[in-house]
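**Student:** Residue numbers (the working numbering): 19 to 413.
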């Protein structure tokens with residue numbers, strides 16, 4: 019019994035550590051195949067999502083089967099008619115849907131709606147793709163990802179992970195290069211992606227702010243005291259920023275190159291935990307000596323978090339290193355911008371008598387409460403998957 023339980027736990031943890039599926043919840047996918055003569059492709063969407071779109075669950079048991087999809091396949095195809103088109107040379111090339119297939123994934127069954135673009139002819143260097151996802155009519159947060167699965171021009175075959183364009187509400191038309199984007203374009207695009215991610219990644223910003231708040235203070239006799247000079251405070255900030263940069267750059271690179279991966283729920287939960295740990299340390303000045311070590315450890319998980327954002331952006335395989343380097347540079351630019359704005363303000367306020375109470379204790383309490391909510395939300399996915407794997411092993 020004990021041995022079986024150990025084996026089950028091991029298998030469950032192994033499953034958790036496996037690579038993430040290319041198919042995820044609340045997303046649909048448009049795959050393109052580019053040949054010398056034209057373009058074909060397919061749209062992939064989860065059966066439960068399609069059920070919410072037009073109603074497929076005939077028996078009302080809460081599960082949509084392949085048979086129930088087949089019974090209403092015409093209605094499904096009709097829902098996508100006119101939603102996807104190709105523009106080239108000023109001409110609009112509508113797609114024509116044909117047959118369909120099914121794909122089993124860890125996130126459920128996806129329907130594959132095959133299409134052709136009969137009027138396009140030999141593909142040009144680039145086309146404009148317009149995709150008005152029918153899911154976005156009721157859920158504006160739904161994302162549509164465009165991928166070039168096969169491309170005779172660039173040698174890409176069986177691509178399942180490198181996303182070329184993202185269709186979202188209000189931004190439904192995207193330029194799709196069929197010969198590969200130039201290196202300078204990829205570099206600039208991914209630098210911008212990196213900057214915006216660190217600015218919009220609220221949990222990363224909270225972690226950084228929690229580290230910066232006590233950087234203008236020193237721990238003396240178990241109490242926070244304002245630093246008298248600018249240089250020691252700047253030295254503290256440089257140590258923190260450098261440690262965070264080195265740490266997250268390592269795991270961002272490893273994960274971005276596919277060498278090491280961790281499950282998204284685990285990474286996101288640990289990022290939330292990192293905020294709790296730093297905020298608690300801020301309330302106990304004696305722990306200040308361990309700040310750099312904590313930054314180095316948790317920075318590794320923040321790097322995996324950055325990689326999780328980078329993964330769906332996608333880049334052609336030949337330019338993967340360029341995209342990865344540019345994204346990391348963008349993250350650093352965004353991080354430095356936060357420090358440049360925040361640090362002088364904190365240094366100017368450090369001598370206020372209320373600074374240790376407001377900026378350290380009160381802010382730490384807020385950070386702890388906020389990050390605890392995030393941790394509970396994010397860790398629930400880990401325990402659910404662990405339970406499912408254990409049940410599957412015991413059954």
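Think of the CB as a built atom: it goes at the ideal place given N, C-alpha and C, for glycine as much as any other residue. Quick caveat, the model's predicted, so the values are computed rather than measured.
Mind checking which residues open and close the alpha helix (DSSP H) that includes residue 342?
**Tutor:** The residue labelled residue 342 in the question sits at position 324 within the chain shown. Taken as a continuous stretch (DSSP letters only), the alpha helix (DSSP H) holding residue 342 covers 338-367.
**Student:** Grouping DSSP H, G and I as helix and E and B as strand, with all else coil, what is residue 257?
**Tutor:** By 1-based counting over the chain shown, the position of residue 257 is 239. If DSSP states are grouped into helix, strand and coil, residue 257 belongs with the helices.
**Student:** Between residue 150 and residue 363, what straight-line distance do the alpha-carbon atoms span, to the nearest angstrom?
**Tutor:** For this step, residue 150 is matched to residue 132 along the chain shown. For this step, residue 363 is matched to residue 345 along the chain shown. Roughly 45 Å between the two C-alpha positions.
**Student:** Leaving out the 5 sequence neighbours to the left and right, which residues in its chain are closer than 7 Å to residue 242 when beta-carbon positions are compared?
**Tutor:** On the chain shown, residue 242 is found 224 positions in, with the first residue counted as 1. For residue 242, where only same-chain residues beyond five positions count, the Cβ hits under 7 Å are 232, 235, 303, 374, 378.
**Student:** Cβ atoms of residue 290 and residue 390: under 9 Å apart, would you say?
**Tutor:** Indexing the chain shown from 1 puts residue 390 at position 372. Indexing the chain shown from 1 puts residue 290 at position 272. The answer is yes: Cβ separation under 9 Å.
**Student:** Say yes only if the C-beta of residue 96 is nearer than 8 Å to one or more non-hydrogen atoms of the ligand MG, and no if none qualify.
**Tutor:** The ligand MG is absent from the structure shown, which contains no ligands of any kind.
**Student:** In angstroms with no decimal places, state the Cα-to-Cα distance between residue 138 and residue 46.
**Tutor:** Numbered from its first residue, the chain shown carries residue 138 at position 120. Numbered from its first residue, the chain shown carries residue 46 at position 28. Roughly 24 Å between the two C-alpha positions.
**Student:** Beta-carbon separation of residue 237 and residue 160 under 9 Å?
**Tutor:** As a first step, residue 237 must be located in the chain shown, where it is residue number 219. As a first step, residue 160 must be located in the chain shown, where it is residue number 142. Not a contact, by the Cβ cut-off of 9 Å.
**Student:** Suppose contacts are defined by Cβ-Cβ distances below 9 Å. Is residue 274 in contact with residue 325 by that definition?
**Tutor:** Counting from one through the chain shown, the residue named residue 274 turns up at place 256. Counting from one through the chain shown, the residue named residue 325 turns up at place 307. Taking 9 Å as the Cβ cut-off, residue 274 and residue 325 qualify as a contacting pair.
**Student:** Is the segment 45-59 touching the segment 165-177, taking contact as three or more C-beta pairs under 8 Å?
**Tutor:** These segments touch.
**Student:** What are the partner residues of residue 111, as DSSP defines its beta bridges?
**Tutor:** Mapped onto the chain shown, residue 111 falls at position 93. For residue 111, which the question treats as bridged, DSSP gives the partners 104.
**Student:** Report the rounded CA-to-CA distance for residue 75 versus residue 83, giving the unit in angstroms.
**Tutor:** As a working mapping, residue 75 is identified with position 57 in the chain shown. As a working mapping, residue 83 is identified with position 65 in the chain shown. Approximately 8 Å, taken between the alpha carbons.
**Student:** Cα separation between residue 397 and residue 88?
**Tutor:** The residue given as residue 397 occupies position 379 in the chain shown. The residue given as residue 88 occupies position 70 in the chain shown. Between residue 397 and residue 88, the C-alpha separation is close to 37 Å.
**Student:** Using three-state DSSP, classify residue 244 as helix, strand or coil.
**Tutor:** To locate residue 244, count along the chain shown from 1; it is residue 226. Here residue 244 sits in strand by DSSP.
**Student:** Once DSSP output is grouped into helix, strand and coil, what is the label at residue 75?
**Tutor:** Within the chain shown, residue 75 is the residue found at index 57, counting from 1. Here residue 75 sits in coil by DSSP.
**Student:** My output table needs one value for residue 146: the three-state DSSP class, helix, strand or coil.
**Tutor:** Here residue 146 refers to the residue found at position 128 of the chain shown. Residue 146 falls in the strand class under three-state DSSP.
**Student:** In whole angstroms, give me the CA-to-CA distance for residue 349 and residue 279.
**Tutor:** For the purposes of this step, residue 349 is identified with residue 331 of the chain shown, where counting begins at 1. For the purposes of this step, residue 279 is identified with residue 261 of the chain shown, where counting begins at 1. Rounded to the nearest angstrom, the two C-alpha atoms are 20 Å apart.
**Student:** For residue 267 and residue 308, what's the separation of their Cα atoms in angstroms?
**Tutor:** Looking up residue 267 in the chain shown gives position 249. Looking up residue 308 in the chain shown gives position 290. Using only the alpha carbons, I get a separation of about 21 Å.
**Student:** Just checking, does the segment 202-210 make contact with the segment 117-137 on the three C-beta pairs under 8 Å criterion?
**Tutor:** The answer is no - the segment 117-137 does not touch the segment 202-210, with fewer than three Cβ pairs under 8 Å.
**Student:** Taking the beta strand (DSSP E) that residue 61 falls in, what are its first and last residues?
**Tutor:** Position 43 of the chain shown, counting from 1, holds the residue named residue 61. Residue 61 -> beta strand (DSSP E) spans 57-64.
**Student:** Whose C-beta lies closer than 8 Å to the C-beta of residue 270 among residues of the same chain, with five residues either side of it excluded?
**Tutor:** Taking the chain shown and counting its residues from 1, one reaches residue 270 at position 252. So the qualifying residues of the chain are 321, 322, 324, 325, 328, 342, 345, 346, 349.
**Student:** Quick one: what's got a C-beta closer than 8 Å to residue 39's C-beta in the same chain, skipping five residues either side?
**Tutor:** Here residue 39 refers to the residue found at position 21 of the chain shown. Here residue 39 scores only 40 on pLDDT, less than 50, and its place in the model should not be relied on; the value that follows carries that caveat. Once the five neighbours on either side are set aside, the close Cβ partners of residue 39 are 123, 124, 125.
**Student:** Pull up the CB-CB distance for residue 351 and residue 213, whole angstroms please, since I reckon it's below 8 Å.
**Tutor:** Translated into the one-based positions of the chain shown, residue 351 becomes position 333. Translated into the one-based positions of the chain shown, residue 213 becomes position 195. Rounded, the Cβ-Cβ distance is 5 Å, consistent with contact.
**Student:** Between residue 428 and residue 111, what straight-line distance do the alpha-carbon atoms span, to the nearest angstrom?
**Tutor:** Here the chain covers residues 19 to 413 and nothing more, so residue 428 does not appear.
**Student:** By DSSP's criteria, residue 183 is part of a beta bridge. Which residues make up the other side?
**Tutor:** Mapped onto the chain shown, residue 183 falls at position 165. Answer is 164.
**Student:** Going by the CB atoms, is the gap between residue 57 and residue 145 shorter than 9 Å?
**Tutor:** Mapped onto the chain shown, residue 145 falls at position 127. Mapped onto the chain shown, residue 57 falls at position 39. The answer is yes: Cβ separation under 9 Å.
**Student:** Are residue 94 and residue 103 closer than 9 Å when you measure CB to CB?
**Tutor:** Position 76 of the chain shown, counted from the start, is the residue given in the question as residue 94. Position 85 of the chain shown, counted from the start, is the residue given in the question as residue 103. For residue 94 and residue 103, no; Cβs fall outside 9 Å.
**Student:** To the nearest whole angstrom, what separates the beta carbons of residue 153 and residue 71, a pair I think is in contact under 8 Å?
**Tutor:** On the chain shown, position 135 is the one that residue 153 refers to. On the chain shown, position 53 is the one that residue 71 refers to. Indeed they touch by this definition, with Cβ atoms about 6 Å apart.
**Student:** Which residue marks the beginning of the beta strand (DSSP E) containing residue 134, and which one marks its end?
**Tutor:** Counted from its first residue, the chain shown places residue 134 at position 116. Note, residue 134: beta strand (DSSP E), 126-134.
**Student:** Give me the residue from 225, 361, 86 with the minimum Cα distance to residue 73.
**Tutor:** The residue you call residue 73 lines up with position 55 of the chain shown. Checking every option, the nearest Cα to that of residue 73 belongs to 86.
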